[in-house]
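Student: Got a structure for you, written out below as structure tokens; questions coming shortly.
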Amino acid sequence: MLVLGIESSCDETAAAIVTSDGVVRSDVVHSQAIHAEHGGVVPELASRDHVRNVAPVVREALARAGVSIVDVDAVAVTNRPGLVGALLVGVQTAKGIAWGAGKPLIGVDHLIGHLVAVFLKRGDSPREVPAYPFVSLLVSGGNTALYRVDAPRADAIREIGATRDDAAGEAFDKVAKLLGLGYPGGPVIDRLARQGDASRVPPLSLPMMKARDSRDFSFSGIKTQIAQRVAAGAVTSDRDRADLCAAFQTAVTSVLAKRLIEAAIAENVRDVVLGGGVAANSELRRRVAELAEARGLRAFVPELASCTDNAAMIAYAGALEAPGDRAASGYDLTATSATSLVRTTRKGRGPR
Ligand code: KG4
74 MLVLGIESSC DETAAAIVTS DGVVRSDVVH SQAIHAEHGG VVPELASRDH
124 VRNVAPVVRE ALARAGVSIV DVDAVAVTNR PGLVGALLVG VQTAKGIAWG
174 AGKPLIGVDH LIGHLVAVFL KRGDSPREVP AYPFVSLLVS GGNTALYRVD
224 APRADAIREI GATRDDAAGE AFDKVAKLLG LGYPGGPVID RLARQGDASR
274 VPPLSLPMMK ARDSRDFSFS GIKTQIAQRV AAGAVTSDRD RADLCAAFQT
324 AVTSVLAKRL IEAAIAENVR DVVLGGGVAA NSELRRRVAE LAEARGLRAF
374 VPELASCTDN AAMIAYAGAL EAPGDRAASG YDLTATSATS LVRTTRKGRG
424 PR
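Here you go:
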């Protein structure tokens, strides 16, 4: 079975053709450059750019896979969570294609897409995949949460911890903005941190690190500490900037890696998975691999193209739903900012 996936939840316009076995036949991602000068995603600009690019991106995905819409068995589209105006572009496009070509339409939760992205098969090299149940750390510009995944369905996925304020990627982006490093901040901080030395700056306090039994995160405090240091004139050279990047990255990645491994042990599972754009971070990958090995766990980090926003994971999540009528969404499918996954953590104190 072949599924066309469409993704437009934030600042990537993407389309992909994927088989029900997770083989990626094509994967086209248009990343919106228009947000760079604003230091973050501007929702209205995102929607307009999706409108401009969605049709060419879908055509390109079909062309690269060497198929036409007639060959496709279903159309899967991200309909939640995300920026509603941005989501609507993908949802309406998918409805039009599905209706015009007479194919089933499947609404997909973006977070479930990220959680199954580890099963995508790209290129020829065989990849080991995790066994259910596993614990996944989803860490991106919009989300930072830990999930126990028993099966690839909303009712078999449980949030076991999440950020109480900013997402980790958001913290990378905001810190980069404070240091004048542009947007997105993650890749540039990752690169500068390798040249810096965290021990040359006064230690940053680790977000939520002292809350021993908690599975939650908090990243707004560390961002404030950096803002205060910048305001106090502590960053006057490239070397200062690199050292602060190293200290920031070490603080954030150590709490993320530690929580993931602790959660896996508490849940009595053997496999841990990283997902989301921040999973590209070299220090996070290294820390998770090291801690997992030390505790006898298996760590799985998908290829970069599967970590960042893409439509292949949406097509695959749709393919897992596709057999039978249960999956087909009606043409009344709506875009919504909320995930279908039950949230246990809320921003601020206490459980939801
Ligand atoms: O999943 P993703 O592509 O989409 C959004 O959630 O928007 O993640 C993008 C996020 C951005 O915040 C970006 O700064 C971060 O992932 N990111 C990284 C790295 N590469 C991308 N963060 C840390 N280190 C990286 N190497």
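Each residue of the sequence shown is one higher than the one before, counting from 74 in the working numbering.
Ideal Cβ placement from N, Cα and C applies to all residues, glycine included.
Here the structure is a predicted model, which is why all the values come from computation and not from measurement.
Can you tell me whether DSSP reads G369 as helix, strand or coil?
Tutor: Residue numbering aside, residue 369 sits at position 296 when the sequence shown is read from its first letter. Three-state result, G369: coil.
Student: What are the start and end residues of the beta strand (DSSP E) that includes E232?
Tutor: Reading the sequence shown from its first residue, position 159 is the one you call residue 232. E232 -> beta strand (DSSP E) spans I230 to A235.
Student: Under a Cβ-count criterion, where at least 16 other Cβ atoms within 10 Å of its own Cβ denotes burial, should G421 be classed as buried or exposed?
Tutor: Here residue 421 corresponds to residue number 348 of the sequence shown, with the count starting at 1. A caution first: G421 carries a pLDDT of 49, below 50, which makes its placement in the model too unreliable to give a value.
Student: Taking the beta strand (DSSP E) that V345 falls in, what are its first and last residues?
Tutor: What you label residue 345 is simply residue 272 of the sequence shown in a count that begins at 1. Where V345 is concerned, the enclosing beta strand (DSSP E) stretches over D344 to G348.
Student: To the nearest angstrom, report how far apart G423 and T151 are at their CA atoms.
Tutor: Here residue 423 refers to the residue found at position 350 when the sequence shown is read from its first residue. Here residue 151 refers to the residue found at position 78 when the sequence shown is read from its first residue. Bear in mind that the predicted position of G423 carries a pLDDT of just 47, short of 50, making it unreliable; the figure below should be weighed with that in mind. When rounded, the distance between both Cα atoms is 30 Å.
Student: Does I295 come out as helix, strand or coil in the three-state DSSP assignment?
Tutor: Here residue 295 is taken as the residue at index 222 of the sequence shown, counted from 1. Here I295 sits in helix by DSSP.
Student: Can you tell me whether V415 is buried or exposed, with buried defined as 16 or more other CB within 10 angstroms of its CB?
Tutor: The residue given as residue 415 occupies position 342 in the sequence shown. Exposed.
Student: Taking 6 Å as the limit between beta carbons, can you name the residues of its chain near D316, skipping five residues before and five after?
Tutor: For this step, residue 316 is matched to residue 243 along the sequence shown. Excluding positions up to five away in sequence, the list reads G269, D270, R273 and V274.
Student: List the DSSP bridge partners of T412.
Tutor: Within the sequence shown, the letter at position 339 stands for residue 412. The partner list for T412 (beta bridge, DSSP) is empty, contrary to what the question assumes.
Student: Exposed or buried, what is N341 when buried is set at 16 or more other beta-carbons lying within 10 Å of its beta-carbon?
Tutor: Walking along the sequence shown from the start, residue 341 turns up at place 268. N341 comes out exposed.
Student: Shorter than 8 Å, the distance from the beta carbon of G269 to the closest heavy atom of the ligand KG4, or not?
Tutor: Sequence index remark: in the sequence shown, residue 269 carries index 196 (1-based). Checking every heavy atom of the ligand KG4 against the Cβ of G269, none is found closer than 8 Å.
Student: Does the pairing of the stretch 332-349 with the stretch 302-322 give three or more beta-carbon distances under 8 Å?
Tutor: No, the stretch 332-349 does not touch the stretch 302-322.
Student: I want to check one thing, is the minimum distance from the CB of A353 to the heavy atoms of the ligand KG4 below 8 Å?
Tutor: Sequence index remark: in the sequence shown, residue 353 carries index 280 (1-based). Yes, the beta carbon of A353 sits closer than 8 Å to at least one heavy atom of the ligand KG4.
Student: Taking 6 Å as the limit between beta carbons, can you name the residues of its chain near A279, skipping five residues before and five after?
Tutor: Within the sequence shown, residue 279 is the residue found at index 206, counting from 1. The question names Ala, but residue 279 is Leu in the sequence shown. A324 and V328, listed in sequence order.
Student: Quick one: using the 10 Å Cβ neighbour count with 16 as the cut-off for buried, is P199 buried or exposed?
Tutor: Position 126 of the sequence shown, counted from the start, is the residue given in the question as residue 199. When all chains shown are included, P199 counts as exposed.
Student: Identify every residue that forms a DSSP beta bridge with G93.
Tutor: On the sequence shown, residue 93 is found 20 positions in, with the first residue counted as 1. Gly is not the amino acid found at residue 93; the sequence shown has Ser there. Bridge partners of S93: none, in fact.
Student: Determine contact between the stretch 247-258 and the stretch 229-236, defined as no fewer than three beta-carbon pairs at a distance below 8 Å.
Tutor: No: fewer than three Cβ pairs fall under 8 Å.
Student: Measuring alpha carbon to alpha carbon, tell me which of A320, D223, V222 and R237 ends up nearest G215.
Tutor: One-based indexing of the sequence shown puts residue 215 at position 142. Measuring from the Cα of G215, the nearest candidate turns out to be R237.
Student: To the nearest angstrom, how far is the alpha carbon of T326 from that of V101?
Tutor: In the sequence shown, residue 326 corresponds to position 253, counting from 1. In the sequence shown, residue 101 corresponds to position 28, counting from 1. Going from the Cα of T326 to the Cα of V101 covers about 29 Å.
Student: Exposed or buried, which one is S291 when buried takes at least 16 other CB atoms within 10 Å?
Tutor: Start at 1 with the first residue of the sequence shown, and residue 291 comes out as number 218. Per the 10 Å Cβ criterion, buried.
Student: Let me check one thing: in DSSP terms, what residues is R264 bridge-paired to?
Tutor: Along the sequence shown, one-based indexing puts residue 264 at 191. For R264, which the question treats as bridged, DSSP gives no partner whatsoever.
Student: Is the beta carbon of V212 closer than 9 Å to that of G306?
Tutor: The residue given as residue 306 occupies position 233 in the sequence shown. The residue given as residue 212 occupies position 139 in the sequence shown. Not in contact: G306 and V212 (Cβ atoms no closer than 9 Å).
Student: Nearer than 8 Å: is that true of the beta carbon of A240 relative to any heavy atom of the ligand KG4?
Tutor: Locating residue 240 in the sequence shown gives position 167, counting from the first residue. Yes, since a heavy atom of the ligand KG4 falls inside the 8 Å radius drawn around the Cβ of A240.
Student: Output yes or no for whether 9 Å exceeds the beta carbon distance between E85 and N354.
Tutor: Counted from its first residue, the sequence shown places residue 85 at position 12. Counted from its first residue, the sequence shown places residue 354 at position 281. Going by C-beta atoms, E85 is not nearer than 9 Å to N354.
Student: Output the distance between the C-alpha atoms of L393 and A352, rounded to the nearest integer angstrom.
Tutor: Residue numbering aside, residue 393 sits at position 320 when the sequence shown is read from its first letter. Residue numbering aside, residue 352 sits at position 279 when the sequence shown is read from its first letter. Their backbone Cα atoms lie some 24 Å apart in a straight line.
Student: Who does G180 pair with in a DSSP beta bridge?
Tutor: The count along the sequence shown starts at 1 and reaches residue 180 at position 107. Answer is V150, bridged to G180.
Student: Cutting at 6 Å between CB atoms, please list the residues of its own chain near V96, excluding the five before and the five after it.
Tutor: To locate residue 96, count along the sequence shown from 1; it is residue 23. So the list reads K194, once near-sequence residues are dropped.
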